[in-house]
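> Mind having a look at this structure? Questions to follow.
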Amino acid sequence: MQNGSTFVLMRGFPGTGKSTIARAIAAALHAPLIDRDILRQKAVNLFGNLPQVGRFSYELMFALVEEQLRLGLSVVVDTPLTYRTTYEQAKELARSFQTPMLVVHCQCPPEVQRRRLEGRKGKVSEFQITSWEEWMQWKPRFENFDDGGCVIDTSNPLDDSLAKVMRTIHQLHHQQQYSTSKNCSDQSRI
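Given below as structure tokens:
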């Protein structure tokens, strides 16, 4: 493990509060926040909405994450984590730096999600979903897979959600330290 760093990866449907909690986690950890929507929008602004822009934004996102982990820093990534391949790539990156990774899976009741989507002002990007109808069209693309992460209900107060995430990060590091020290003591007996 690199200096107690943590790779936090957000997950959840649009309107479930990922960006809000991601900012709070980044502030609490004093860690950089990488927002995939911002990267994608900047790429579209520069290159146009080419088919490769989506993939490019993911590659850029992971390059930035890799550099933060190389420096021994924690990093928070704001992405819906729509696809299992993105999760697997993130998991491999965390493993290569021996950094614990936590997926923070944001959920809320559908009526809260709908209200949030329809109340969005000042889109971060043109890709941000702002209506229930858009969400219903987009929803089938969201791949269902087990990420073993921390599930939070973002209809609860932000401080409660943040406290749960921070407790989970602490537990994750405690487990990692125990595992590392156990492996070292097992090696000395060989």
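Residue numbers (the numbering used here): 1042 to 1231.
Just so you know, even glycine gets a beta-carbon here, dropped at the ideal spot from N, CA and C.
Since we're looking at a predicted model, the values are computed, not measured.
1) Compare the Cα-Cα distances from V1106 to each of G1095, L1091, T1127 and N1086 and report the closest residue.
2) Tell me the DSSP secondary structure of Q1212 in three-state form.
3) So, L1203 versus A1131, is the Cβ gap smaller than 8 Å?
4) Grab me the residues of L1101's own chain with a C-beta within less than 7 Å of its C-beta, minus the 5 sequence neighbours each way, in chain order.
5) In whole angstroms, give me the CA-to-CA distance for L1112 and Q1082.
6) Would the region 1087 to 1098 and the region 1200 to 1216 be scored as touching if the rule is three or more Cβ pairs under 8 Å?
7) Could you tell me the alpha carbon to alpha carbon distance between E1175 and A1067, rounded to whole angstroms?
8) Could you compute how far the alpha carbon of A1065 sits from the alpha carbon of P1073?
9) Using 8 Å for Cβ pairs, my map puts G1190 next to V1145. What's the rounded Cβ distance?
10) Give me whichever residues DSSP pairs with C1191 in a beta bridge.
11) Whole angstroms is fine: what's the gap from V1206's alpha carbon to S1060's?
12) Per DSSP, which residues does F1103 bridge with? Please list them.
13) Could you tell me the boundaries of the alpha helix (DSSP H) in which L1070 lies?
14) When DSSP labels each residue in this structure, what does I1079 get in the three-state scheme?
15) Around the Cβ of R1077, are there at least 16 other Cβ atoms within 10 angstroms (buried) or fewer (exposed)?
16) Report the partner residues of D1119 according to the DSSP bridge assignment.
17) Going by Cα to Cα distance, which pick from T1140, D1200, C1149 and E1159 is closest to T1047?
18) What is the C-beta distance between F1186 and R1125, in whole angstroms, given that I count them as a contact (C-beta under 8 Å)?
19) Is it right to say R1052 is buried, meaning 16 or more other beta carbons lie within 10 angstroms of its own, or is it exposed?
20) List the DSSP bridge partners of M1177.
In brief:
1) For the purposes of this step, residue 1106 is taken as residue 65 along the sequence shown, with counting starting at 1. The shortest Cα separation from V1106 among G1095, L1091, T1127 and N1086 belongs to T1127.
2) The residue you call residue 1212 lines up with position 171 of the sequence shown. Helix, per DSSP.
3) Mapped onto the sequence shown, residue 1203 falls at position 162. Mapped onto the sequence shown, residue 1131 falls at position 90. No, these two residues do not count as a Cβ contact at 8 Å.
4) Counted from its first residue, the sequence shown places residue 1101 at position 60. Result list for L1101: L1080, in chain order.
5) Translated into positions along the sequence shown, residue 1112 becomes position 71. Translated into positions along the sequence shown, residue 1082 becomes position 41. Going from the Cα of L1112 to the Cα of Q1082 covers about 26 Å.
6) no
7) Counted from its first residue, the sequence shown places residue 1175 at position 134. Counted from its first residue, the sequence shown places residue 1067 at position 26. If I take the Cα positions, the gap works out to 29 Å.
8) Your numbering for residue 1065 matches position 24 in the sequence shown. Your numbering for residue 1073 matches position 32 in the sequence shown. Rounded to the nearest angstrom, the two C-alpha atoms are 11 Å apart.
9) Mapped onto the sequence shown, residue 1190 falls at position 149. Mapped onto the sequence shown, residue 1145 falls at position 104. Right, the Cβ-Cβ distance comes to about 6 Å (below 8 Å), so this counts as a contact.
10) As a position in the sequence shown, residue 1191 is number 150, starting the count at 1. Paired residues: V1145.
11) Within the sequence shown, the letter at position 165 stands for residue 1206. Within the sequence shown, the letter at position 19 stands for residue 1060. Distance between the alpha carbons of V1206 and S1060: 14 Å.
12) If you number the sequence shown from 1, residue 1103 lands on position 62. F1103 is not bridged to any residue.
13) Numbered from 1 along the sequence shown, position 29 holds the residue referred to as residue 1070. Element bounds for L1070: K1059 to L1070.
14) For the purposes of this step, residue 1079 is taken as the residue at position 38 of the sequence shown. If DSSP states are grouped into helix, strand and coil, I1079 belongs with the helices.
15) Here residue 1077 refers to the residue found at position 36 of the sequence shown. So R1077 counts as buried.
16) Taking the first residue of the sequence shown as 1, we reach residue 1119 at position 78. For D1119, which the question treats as bridged, DSSP gives the partners D1076.
17) Looking up residue 1047 in the sequence shown gives position 6. Among T1140, D1200, C1149 and E1159, the Cα nearest to that of T1047 is on T1140.
18) Taking the sequence shown and counting its residues from 1, the one referred to as residue 1186 is at position 145. Taking the sequence shown and counting its residues from 1, the one referred to as residue 1125 is at position 84. Right, their Cβ atoms sit about 5 Å apart.
19) As a position in the sequence shown, residue 1052 is number 11, starting the count at 1. By the 10 Å Cβ count, R1052 comes out buried.
20) Residue numbering aside, residue 1177 sits at position 136 when the sequence shown is read from its first letter. The partner list for M1177 (beta bridge, DSSP) is empty, contrary to what the question assumes.
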